[in-house]
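**Student:** Heads up, the sequence shown is in our numbering, so the first residue is 171 and it goes up one at a time.
The beta-carbon is built from N, C-alpha and C at its ideal position, and this holds for glycine as well.
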Amino acid sequence: MSLKNCQNTPTENYWNSQFIFKKILKDFDHWIAWCPKTSKELAPLIDVKIIAYGTDKRQTIRVLHRKQDVPEYEDLGLIPVFVHGGYWRAHDACDYDFVHQGLSLFAKAIYNIEYRLLPKIKLQQQVQDVIDALKVIYESEQKPLIVFGHSAGAHLLFTACQDDFFDQDKIYQINSLSGIFDLEPVSYSDLQQELHLSKQDQQQYSPLKWQKLKAIHTHLINGKLETSEYIRQSSLLYERMKQLEQNQNQVSLSLLEDYHHLSLVSLLSDQKLLKNAINLQSVQIIKMIS
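#1: In terms of residue numbering, what span does the beta strand (DSSP E) encompassing residue 422 cover?
#2: Going along the chain, which residues of its own chain have a beta-carbon closer than 8 angstroms to the beta-carbon of residue 176, five neighbours each way excluded?
#3: Among the candidates 181, 276, 289, 193, whose CA atom is the shortest distance from the CA of residue 260?
#4: Assign residue 352 to buried or exposed, taking buried as 16 or more other Cβ atoms, counted over all protein chains shown, within 10 Å of its Cβ.
#5: Exposed or buried, what is residue 363 when buried is set at 16 or more other beta-carbons lying within 10 Å of its beta-carbon?
#6: When the Cα of residue 296 is compared with those of 328, 270, 280, 317, which residue comes out closest?
#7: Can you give me the C-alpha to C-alpha distance between residue 293 and residue 370, rounded to a whole angstrom?
#8: Buried or exposed for residue 388, going by 16 or more other Cβ atoms inside 10 Å?
#9: Pick helix, strand or coil for residue 402, following the three-state DSSP scheme.
#10: To the nearest angstrom, report how far apart residue 138 and residue 375 are at their CA atoms.
#11: Along the chain, which unbroken stretches of the beta strand (DSSP E) at least 3 residues long are found entirely within the stretch 298-344?
#12: Thinking residue 185 and residue 400 are a contact (beta carbons under 8 angstroms), I'd like their distance in whole angstroms, please.
#13: Among 355, 380, 315, which one has its Cα closest to the Cα of residue 368?
#14: In the DSSP assignment, the alpha helix (DSSP H) including residue 444 goes from what residue to what residue?
#15: Would you mind reading off the limits of the alpha helix (DSSP H) that contains residue 191?
#16: Given residue 250, which residues of its chain have a CB within under 6 angstroms of its CB, disregarding the five upstream and five downstream residues?
#17: Do residue 216 and residue 464 count as a contact pair if the criterion is CB distance below 8 angstroms?
#18: Between which residues of its own chain and residue 195 is the CB-CB distance below 8 angstroms, once the five residues before and five after are set aside?
#19: By the DSSP assignment, the alpha helix (DSSP H) with residue 198 in it spans what residues?
#20: Give me the residue from 207, 426, 301 with the minimum Cα distance to residue 230.
#21: What's the gap between the Cα of residue 247 and the Cα of residue 340?
#22: Just checking my contact of residue 322 with residue 408 at CB under 8 angstroms: how many whole Å lie between their CB atoms?
#23: Over the uninterrupted beta strand (DSSP E) stretch that includes residue 393, give me the two end residues.
#24: Residue range of the alpha helix (DSSP H) that residue 235 falls in?
#25: Let's test the definition: count the other Cβ atoms within 10 Å of the Cβ of residue 384 and tell me whether it reaches 16, buried, or not, exposed.
#26: Here's the rule I'm using: 16 or more other beta-carbon atoms within 10 Å means buried, otherwise exposed. How should residue 222 be labelled?
#27: Taking C-beta to C-beta, are residue 205 and residue 285 nearer than 8 angstroms?
#28: Around the C-beta of residue 203, are 16 or more other C-beta atoms found within 10 angstroms, so that it is buried, or is it exposed?
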């Protein structure tokens, strides 16, 4: 049943209070500026190589190599990948190069995916961009990927990993930082004026509406200071995956103190913060068992 047809349906103002962070967060401007500022400050420490996976200027992957030795490096044979957020219609991958600081915990090279934005393209094409980029990375490395996505990037990443090409051997673990898994509520907010999400988009690209989900290790990470809809959707996906027999030991959910939707991505700027958030010891154990 559509949320709009339910009794006591939340109003557009309610959905705006869940998704329009410029109106919600007092420190919105700080965190929007923090990502590009931090990446710019760290730029002298990183060599960047650009790989194209399509013909559009945004269909690229930024391969980040630290110029100096990585402070702490766990060689688990995993390739770290990041997909940025931005409401599906904003932000640039280069503004998130700071993720190298945290993700270098796993490898010396980190892959930061850029993709085309709505509404210039359709959501189907955007998801396909992430699928194509992940394929290029995997085929280049021939090692399982440990992938991280934030906000809309977490949605695109989780959706892309359900493609027939991917399985547990190729995608070792999905780490979702404050992801969205049902697009219908988004369509009731002011964001719909720019996103133009069709009913088909809302069904086809909302994992919470799917009958089947792949058995890929998934860690859902949210901040306790987030709006309730993000926590609700992660919790529902956690329960949904737990109900599927093949996924019973494949999913975990963490609610972190003192983080909200925008600040959560800062976990990827620091190895110690990231280690605590994803429980590296459990990653090592799973890797040994696999």
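**Tutor:** Taking the definition as stated:
#1: Element bounds for residue 422: 421-426.
#2: With a pLDDT of 42 at residue 176, under the threshold of 50, the predicted position of this residue should be treated as unreliable, though the coordinate-derived value follows. Correct list: empty, nothing qualifies.
#3: Ranked by Cα distance from residue 260, the first of 181, 276, 289, 193 is 289.
#4: Residue 352 should be labelled buried.
#5: It is exposed - the Cβ of residue 363 has fewer than 16 other Cβ atoms within 10 Å.
#6: The shortest CA-to-CA distance from residue 296 to any of 328, 270, 280, 317 is the one to 328.
#7: Rounded to whole angstroms, residue 293 and residue 370 show a C-alpha spacing of 10 angstroms.
#8: Of the other Cβ atoms in all chains shown, 16 or more fall within 10 Å of the Cβ of residue 388; this residue is therefore buried.
#9: Residue state, collapsed to three classes: helix.
#10: Because the chain in this structure spans residues 171 to 460, residue 138 falls outside the shown range and cannot be described.
#11: DSSP runs (the beta strand (DSSP E)) wholly in the stretch 298-344: 315-320.
#12: With 8 angstroms as the limit, residue 185 and residue 400 do not qualify as a contact, their Cβ atoms being about 12 angstroms apart.
#13: Selected option, being the one with the closest Cα: 355.
#14: It spans 441-448 - the alpha helix (DSSP H) in which residue 444 sits, taken as one unbroken run.
#15: Here the alpha helix (DSSP H) through residue 191 covers 191-194.
#16: Excluding positions up to five away in sequence, the list reads 273, 276, 277, 280, 316.
#17: Since the first and last residues shown for the chain are 171 and 460, residue 464 lies out of range.
#18: 201, 430, 431, 432, listed in sequence order.
#19: Per DSSP, residue 198 belongs to the alpha helix (DSSP H) from 198-212.
#20: Nearest option by C-alpha distance: 301.
#21: One C-alpha to the other measures close to 12 angstroms.
#22: The Cβ separation is near 19 angstroms, so there is no contact.
#23: Residues 387-393.
#24: For residue 235, there is no enclosing alpha helix (DSSP H); the residue is found in the beta strand (DSSP E) stretching over 230-236.
#25: Flag for residue 384 reads buried.
#26: Of the other Cβ atoms in all chains shown, fewer than 16 fall within 10 Å of the Cβ of residue 222; this residue is therefore exposed.
#27: No.
#28: Residue 203 comes out exposed.
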